[in-house]
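S.K.: Everything in the sequence shown is counted per our numbering, starting at 15 for the first residue and increasing by one.
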Amino acid sequence: MNHYPFELQPLPYSYDALEPYIDRETMMLHHDRHLQTYVDKLNEALAPYPRYHSWSLPRLLTQLPLLPPSIRLPVKRNGGGVYNHNLYFRTMSPQKTAPSDALARTINASFGSMDGLYAAMKDAGTSLFGSGYAYLVRERRGGRDQLRILMLPNQDTPLPLGVCPLLPLDVWEHAYYLKHHNLRADYIDNWFHVINWEAVSDLYALC
Ligand code: MN
């Protein structure tokens, strides 16, 4: 359901489907525990305010200033956690995929090549201090149509920035610590193997 009460969206593949790149235990904890906690805390924050029970998650996150001050931060953090993780899990796949022609052209125009995109994503993901995301987004404004990589702290989402979210790289330690310990760069290299470019191409087409 895309409004209160929010539910845990099932993983679109099995826990071990992304092995050897992302291990089963990390996927179980990340999805069943971390994401479930964000879902529960988001519902908890919204429960006393029926007025917002029909609001979609993107609406809640885009219109945070309209919410009662006491729930703005919990909705930002936990709603962001739900949004970012749903997109993170959905944009990974055990299948080998490739970007659509339209997306591939824009990647080449924005980053020179796929390798250029990977290098920029890795640079953003490794240089982000603390917890957060490197986020591939499509920006269309003032006659410009380009892809950009944002560095977003905590569970911030690109939604309030008026850009279209395409591909989040979760660099919270919970995304990689069990397998890669402190080696975030190794996790990012592994994540490149499991990006679901079909899902990203679909999002790109809808932007
Ligand atoms: Mn996470």
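Note that beta-carbon positions come from the ideal geometry of N, C-alpha and C, so glycine has one too.
Which partner residues of Cys178 appear in the DSSP bridge assignment?
M.R.: Arg152
S.K.: Tell me where the alpha helix (DSSP H) around Asp54 begins and ends.
M.R.: Boundaries of the alpha helix (DSSP H) harbouring Asp54: 50-60, taken from the DSSP string.
S.K.: State whether the segment 52-71 contacts the segment 86-105, with contact taken as three or more CB pairs (one from each stretch) at a distance under 8 angstroms.
M.R.: yes
S.K.: Would you say Ala112 and Tyr218 are within 9 angstroms of each other, going by their C-beta atoms?
M.R.: no
S.K.: Over what stretch of residues does the alpha helix (DSSP H) that includes Leu101 continue unbroken?
M.R.: Leu101 -> alpha helix (DSSP H) spans 94-104.
S.K.: Nearer than 8 angstroms: is that true of the beta carbon of Ala189 relative to any heavy atom of the ligand MN?
M.R.: Answer for Ala189: yes, Cβ within range of the ligand MN.
S.K.: Go to Arg86, then tell me how far its alpha helix (DSSP H) extends in each direction, as first and last residue.
M.R.: 83-88
S.K.: Taking the alpha helix (DSSP H) that Pro72 falls in, what are its first and last residues?
M.R.: 71-76
S.K.: Please tell me whether Pro26 has its Cβ less than 9 angstroms away from any Cβ of chain D.
M.R.: Here there is only one protein chain, and chain D is not present.
S.K.: Which residues does DSSP list as the beta-bridge partners of Asp159?
M.R.: Arg154
S.K.: Take Gly176 as the anchor and find which of Arg155, His195, Val185, Gln23 has the nearest alpha-carbon.
M.R.: Residue Arg155 is the option with its Cα nearest to Gly176.
S.K.: With hydrogens ignored, establish whether the beta-carbon of His194 is closer than 8 angstroms to any heavy atom of the ligand MN.
M.R.: no
S.K.: With a Cβ-Cβ cutoff of 9 angstroms, do Ala133 and Phe143 count as a contact?
M.R.: No, the pair does not count as a contact, with Cβ atoms beyond the cut-off.
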